[in-house]
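Residues -21 to -1, 1 to 206 (mature numbering (1 follows the signal peptide of the UniProt record, and there is no 0)) make up the sequence shown, in order.
In this text, a Cβ means the ideal position worked out from N, Cα and C, and glycines have one as well.
From a predicted model like this one, the values you see are computed outputs, not experimental measurements.
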Amino acid sequence: MKKICLLMVAFALIMSACNSNKVKIRGEVQGLAGTVKLLAEMPGQQGMVVLAEQNVTDGKINLVTEQLQIPARVWIDIDGKNTLTTFVDTKDQIWVEGKIKFPEEIEVKGSQLDLEYDKLKKLFKEKYEGPLEPIDKNIQKLMAKEKRTANDEVMLGVFMLQRQRYIKARANYVRDLIKANPTQELSLILLQDELQDSTDLQKRLFKTIKVVNKESNLYKTVAEKMQ
């Protein structure tokens, strides 16, 4: 009996090792009856790749793939009604929930990278995007005029300069964050998402990135774009 138990334990360990690359995304969307897809950008491939597809009949989502090396950015298409974006940084803790009659309110939870990035995006909104709103409104108002006076042109120049200062300040803040955290996967996300208007800066900063896991989808897909 003892020998059988040991064999069963050994078998379980072997099976666990075989499934080491398996990533699961689960959840429940009330009222969902349709197709759910898991998509991602894959190293060496063009565009989005469908990694898993499920025909849901009871609202319960169970997407499984062995193609991802986490962390990875993925997109979850909920029957064409909403597409969720998340960073998969665990193999079985990502959870989708909501109601299909309110597709815009469907959420995906369980990603620590998402939480960290959301905190930064909140800071960006308060520190940079919020102050930009009245400036952008003033610019739009002046641009909408059929005939602008000399004073209008002066004010338009002032507002445009203010706008550029906020944009530059945000880019500098992101740059400094990346420099201060070269080993963090979040720096890869910031590099790709927040500095899109400065390719040269992206490439320079990428050379300073020192994340441990260079086999992840996140690292490899960003690396390809920095070539």
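Residue range of the beta strand (DSSP E) that Gln33 falls in? 27 to 35
Determine contact between the stretch 176 to 185 and the stretch 148 to 157, defined as no fewer than three beta-carbon pairs at a distance below 8 Å. yes
For Met27 and Leu18, believed in contact at Cβ under 8 Å, the rounded distance: 5 Å
Please classify Ile146 as buried or exposed, where buried requires at least 16 neighbouring CB atoms within 10 angstroms. exposed
In terms of residues, what are the limits of the beta strand (DSSP E) holding Phe81? First-last for Phe81: undefined, no H or E at that position.
Neighbourhood of Tyr198 by C-beta distance below 7 Å, restricted to the same chain and skipping five residues each side: Leu167, Val190, Asn192
Below 8 Å, can you find three or more Cβ-Cβ pairs linking the stretch 62 to 71 to the stretch 105 to 124? no
At a threshold of 7 Å, does Val43 count as lining the ligand NAD (C-beta to nearest heavy atom)? Ligands displayed in this structure: none; no statement on the ligand NAD is therefore possible.
Tell me, please, which residues DSSP counts as bridged to Arg5. Asn41, Trp74
Proximity below 8 Å, CB of Gly6 to CB of Val75: yes
To the nearest angstrom, report how far apart Gln72 and Glu105 are at their CA atoms. 30 Å
Is Asp115 helix, strand or coil by DSSP? helix
For residue 262 and Leu47, I'd like the C-alpha separation in whole angstroms. The requested residue 262 does not occur in the structure, where the chain is confined to residues -21 to 206.
Length of the line joining the Cα atoms of Ile(-8) and Asn(-1): At Ile(-8), the pLDDT of 48 sits below 50, so the modelled position is not reliable; the number obtained from the coordinates is stated separately. Approximately 13 Å, taken between the alpha carbons.
Given a cut-off of 8 Å, decide if Ile55 and Val8 are closer than it, judged by their beta-carbon atoms. no
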